[in-house]
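Contents: one structure, followed by commentary.
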Amino acid sequence: MARRKRTLPKARTVTPQRRASTPWPTIEDFLASEEGNITLGAINHSSLGYTAIASDEHNMLVALVRKNRETLHQLLDRLERALGPAIDDQVFVDEING
12 MARRKRTLPK
22 ARTVTPQRRA
32 STPWPTIEDF
42 LASEEGNITL
52 GAINHSSLGY
62 TAIASDEHNM
72 LVALVRKNRE
82 TLHQLLDRLE
92 RALGPAIDDQ
102 VFVDEING
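Numbering (the working numbering), first residue to last: 12 to 109.
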């Protein structure tokens, strides 16, 4: 009985579909691009409290101040909604400087 030569299947080039691991895909993509930063924290000014700031190497794209009784999740939701237009259309949001 003749042996058949085994051939390996050709490697397929598959582009994986990007699935967000969070409910904030714009924020995740922004961070994955390594072209910007997102900072969560307090500013040394008692009236501002906690903030969320997204910036790239040139501009502050979004600067949000956490509202009274706003959860961190809600603040990140607002950041998610504001970041897309800031990146795509240069519509910046600045709640810190007025």
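Quick reminder that beta carbons are idealized off the backbone N, C-alpha and C, glycines included.
DSSP, reduced to helix, strand and coil, places leucine 86 within a helical segment of the structure shown. The alpha-carbon of isoleucine 98 is positioned some 25 Å away from that of glycine 60. Selection Ala53, Gln85, Asn70 evaluated against valine 102 yields Asn70 as nearest (Cα-Cα). If you ignore the 5 residues before and after threonine 50, its C-beta comes within less than 7 Å of the C-beta of Ile64, all in its own chain and listed in chain order. Judged by DSSP in its simplified three-state form, glycine 95 adopts helix.
Beta-bridge partners assigned by DSSP to serine 66: Asn48, Met71. Put simply, the backbone Cα of proline 96 is about 14 Å away from that of aspartate 40. At least 8 Å separates the beta-carbon of valine 76 from that of alanine 93.
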